[in-house]
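All residue numbers for the sequence shown refer to the UniProt record's numbering, where the first residue is 1 and numbers rise by one.
Don't be surprised by glycine CBs; every beta carbon is placed ideally from N, CA and C.
I have placed the structure first, in the form of structure tokens, so that the comments after it can refer back to it.
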Amino acid sequence: MNNKRVGIIGAGPSGLAQLRAFEALKDKGIEIPEIVCFEKQDNWGGMWNYSWRTGVGKYGEPVHGSMYKYLWSNGPKECLEFSDYSFDEHFKKPISSYPPRPVLFDYIQGRIKKSNAREYIRFNTTVRWVSFDESTKRFKVVLDDLKSNETYEEEFDYLVTASGHFSTPNMPHFDGIEDFPGHVMHAHDFRGADQFKNQKLLLIGSSYSAEDIGVQCFKHGAESVTLSYRSNPIGVEWPEGIKELPLVTHFDGPTVHFSNGESEDFDAVVMCTGYQHKFPFLPSELRLKTKNNLYPDNIYKGIFFNDNPQLIYLGMQDQYYTFNMFDAQAWVARDYMMGTLELPSKEERRKDIDHWLAKHDAMEDALDSVDFQSAYIKDLLELSDYPDFNVDKVAVMFKEWLQDKEENILTYRDKTYKSVVTGTEAVEHHTEWMDELDDSKERYLKFNKKVEELTS
Ligand code: FAD
Ligand code: NA7
Numbered sequence: 001m002n003n004k005r006v007g008i009i010g011a012g013p014s015g016l017a018q019l020r021a022f023e024a025l026k027d028k029g030i031e032i033p034e035i036v037c038f039e040k041q042d043n044w045g046g047m048w049n050y051s052w053r054t055g056v057g058k059y060g061e062p063v064h065g066s067m068y069k070y071l072w073s074n075g076p077k078e079c080l081e082f083s084d085y086s087f088d089e090h091f092k093k094p095i096s097s098y099p100p101r102p103v104l105f106d107y108i109q110g111r112i113k114k115s116n117a118r119e120y121i122r123f124n125t126t127v128r129w130v131s132f133d134e135s136t137k138r139f140k141v142v143l144d145d146l147k148s149n150e151t152y153e154e155e156f157d158y159l160v161t162a163s164g165h166f167s168t169p170n171m172p173h174f175d176g177i178e179d180f181p182g183h184v185m186h187a188h189d190f191r192g193a194d195q196f197k198n199q200k201l202l203l204i205g206s207s208y209s210a211e212d213i214g215v216q217c218f219k220h221g222a223e224s225v226t227l228s229y230r231s232n233p234i235g236v237e238w239p240e241g242i243k244e245l246p247l248v249t250h251f252d253g254p255t256v257h258f259s260n261g262e263s264e265d266f267d268a269v270v271m272c273t274g275y276q277h278k279f280p281f282l283p284s285e286l287r288l289k290t291k292n293n294l295y296p297d298n299i300y301k302g303i304f305f306n307d308n309p310q311l312i313y314l315g316m317q318d319q320y321y322t323f324n325m326f327d328a329q330a331w332v333a334r335d336y337m338m339g340t341l342e343l344p345s346k347e348e349r350r351k352d353i354d355h356w357l358a359k360h361d362a363m364e365d366a367l368d369s370v371d372f373q374s375a376y377i378k379d380l381l382e383l384s385d386y387p388d389f390n391v392d393k394v395a396v397m398f399k400e401w402l403q404d405k406e407e408n409i410l411t412y413r414d415k416t417y418k419s420v421v422t423g424t425e426a427v428e429h430h431t432e433w434m435d436e437l438d439d440s441k442e443r444y445l446k447f448n449k450k451v452e453e454l455t456s
């Protein structure tokens with residue numbers, strides 16, 4: 001008889017992976033613990049549940065979402081496919097390799113809707129505070145029911161933190177920025193390129209957000225896009241209209257000065273300067289303290305808080321792999337909570353973490369990073385019965401994707417890849433990505449073939 005209680009914070013892809021992992025056992029007739037998942041939004045999907053809101057939500061909570069209109073997958077879908085629920089099973093036909101956000105949201109929901117997992121989720125419920133009682137070895141969780149405006153408490157034996165880490169902006173200051181006359185925002189509040197049409201746009205940062213928001217604004221009619229980097233430029237061959245400059249030194253009215261001595265006037269600034277791992281509901285002794293990287297310190301197997309493994313973190317790494325990594329983690333976490341996976345001693349766990357951190361320190365470039373996260377996934381797959389998938393082939397796809405982007409940042413989303421789960425070759429989208437201004441699921445799924453073929 002499993003009479004433990006499991007609390008899950010967040011019903012994004014990571015929290016849903018945890019629910020699915022337990023459901024997979026239940027399907028086999030195995031009794032599972034009592035589970036409650038708390039989600040502060042009114043629906044599941046985390047980042048993939050688009051919100052038009054910025055700032056605070058309906059109930060005054062910080063808005064979680066950082067995704068925007070016209071967001072298309074930034075990597076091949078074949079690299080994130082659930083190994084127990086293929087794209088073929090969901091869409092019943094091959095689709096392209098880079099679907100837009102609503103299509104991926106639909107895919108995530110398809111798997112979870114196959115079970116009764118929604119019953120475990122309390123929506124519109126914010127986890128306000130967590131404490132651990134050493135005498136009972138249980139977590140006390142303080143919750144706010146946002147709709148009824150009531151605070152209450154519950155206790156759990158295990159707590160899974162799946163609250164995401166791309167939500168709280170890292171917002172640096174630059175001298176003079178307070179007098180910049182145009183709009184200044186963080187990527188977290190970016191909801192679409194429309195407002196920057198015909199504008200001269202400055203993006204500070206040189207990672208995924210800068211690249212994607214820059215290309216999107218270019219596609220949707222910005223007059224010019226300038227990216228400013230602190231360490232390294234993205235370094236692809238940019239089309240005319242997009243360029244990279246080194247770091248901003250200061251602002252002077254509408255004029256921005258860069259460290260190479262150049263200066264230029266801009267209409268608006270978007271800080272694509274990343275996010276903070278922020279857990280306002282956790283006391284410092286339980287809190288994961290890390291920058292955005294591929295191996296946050298102090299979590300064994302990237303999951304179990306080393307000082308107290310009853311506290312589980314999912315999806316806290318920087319991500320090449322996403323949905324399939326969250327699954328691989330959730331299955332391992334599940335087995336520990338079920339008592340079928342034993343963890344080594346704290347010292348042994350520390351040694352394992354150090355071993356991975358040393359490998360992490362030795363990485364030199366993006367190709368090494370892909371290999372690193374692939375090795376991490378393989379390590380996890382050995383620990384549970386999550387359906388195996390060909391990680392080596394996925395790693396090859398990631399490397400090709402990096403190459404595709406270098407070759408042409410505007411057309412890489414027109415490429416197709418082959419699923420390692422089903423062997424299905426993706427089809428080309430009916431419209432080239434640069435010409436496709438509609439990201440709706442309806443239009444995406446309407447035709448299977450290129451539009452010219454349909455009309456000829
Ligand atoms: P999230 O999706 O962030 O979900 C966390 C959930 O926890 C949210 O629903 C939130 O409301 C809830 N929560 C947080 N705090 C509390 C609390 N105190 N109480 C209750 N609930 C709480 N990945 C890809 O694979 N492909 C992409 O193309 C891609 N594009 C991205 C673009 C952007 C702009 C961003 C920000 C991320 C992108 N990602 C992409 C990565 C994305 O973060 C992951 O795909 C995935 O959403 C992470 O899942 P998660 O469940 O760990 O976190
Ligand atoms: P990332 O990938 O964490 O990147 C943050 C970027 O911001 C990176 O280029 C940093 O430069 C830059 N940064 C951070 N602080 C500063 C300051 N003070 N000045 C200038 N530049 C700075 O975050 P993203 O938002 O791009 O991506 C996060 C997720 O969103 C990702 O998974 C995507 O799928 C979407 P650095 O290289 O550290 O010098």
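Going by beta-carbon coordinates alone, are residue i and residue j separated by less than 9 Å?
i	j	result
K301	D379	yes
V332	I303	yes
R128	F281	yes
S83	D388	yes
K150	K200	It should be noted that the sequence gives Glu, not Lys, for residue 150. Contact flag unset, no.
T161	H188	no
P254	V130	no
E211	I409	yes
Suppose you measure from the CA of residue i to the CA of residue j; what does that come to, to the nearest Å?
i	j	result
A268	W238	20 Å
E342	G7	20 Å
T126	C37	10 Å
K243	D335	49 Å
E78	E119	30 Å
E453	D438	Its pLDDT being 48, under 50, E453 is placed unreliably in this model, and the coordinates cannot settle the point.
P99	Q195	24 Å
residue 471	R111	Any question about residue 471 goes unanswered here, given that the chain covers just 1 to 456.
Y275	N293	11 Å
D106	E348	41 Å
S207	G339	40 Å
K108	P13	Looking at the sequence provided, one finds Ile at residue 108 rather than Lys. One C-alpha to the other measures close to 7 Å.
D185	A193	The sequence as given places Met at residue 185; Asp does not occur at that position. Whole-angstrom Cα-Cα distance: 13 Å.
D133	E89	44 Å
P102	P76	15 Å
S51	F166	14 Å
S456	P62	Confidence in S456 is poor, its pLDDT being 37 and thus under 50, which makes the residue's placement unreliable; the coordinate value appears in the next sentence. Distance between the alpha carbons of S456 and P62 is about 50 Å.
T431	G261	42 Å
D175	V215	27 Å
K219	Q41	31 Å
W44	G15	9 Å
N124	L143	10 Å
Y313	S209	24 Å
G10	K351	30 Å
S148	A17	28 Å
G315	G241	36 Å
K405	E31	47 Å
F279	Y68	23 Å
On the DSSP letters alone, give me the boundaries of the beta strand (DSSP E) that residue i sits inside.
i	result
A268	A268 to M271
P140	At residue 140 the sequence reads Lys, which differs from the Pro that was named. Element bounds for K140: R138 to D145.
L311	L311 to Y313
H186	H183 to H186
List the residues that DSSP assigns as beta-bridge partners of residue i.
i	result
M201	Checking the sequence, you will find Leu at residue 201 rather than Met. Per DSSP, V225 and A268.
F258	V248
C37	I8 and I121
E154	V141
S209	According to DSSP, which records beta bridges pairwise, S209 is partnered with nothing at all.
S131	K140
residue 458	The chain is shown from 1 up to 456; residue 458 falls before or after that span and cannot be answered.
D175	H250
E425	K418
For the alpha helix (DSSP H) containing residue i, list its first residue and its last residue.
i	result
Y336	F323 to M338
L16	P13 to D27
Y107	R101 to K113
L402	V391 to E407
V370	A366 to L381
H90	F87 to F91
Y444	K441 to K446
K346	K346 to D361
Please find out if some non-hydrogen atom of the ligand FMN comes closer than 8 Å to the beta-carbon of residue i.
i	result
T136	Among the ligands modelled here, namely the ligand FAD and the ligand NA7, the ligand FMN does not occur.
Problem - Any residue whose CB is nearer than 5 Å to a heavy atom belonging to the ligand NA7, listed in chain order - result: F166, P172, G205, S206, S207, Y208, S209, R230, S231, T273, G274 and N292
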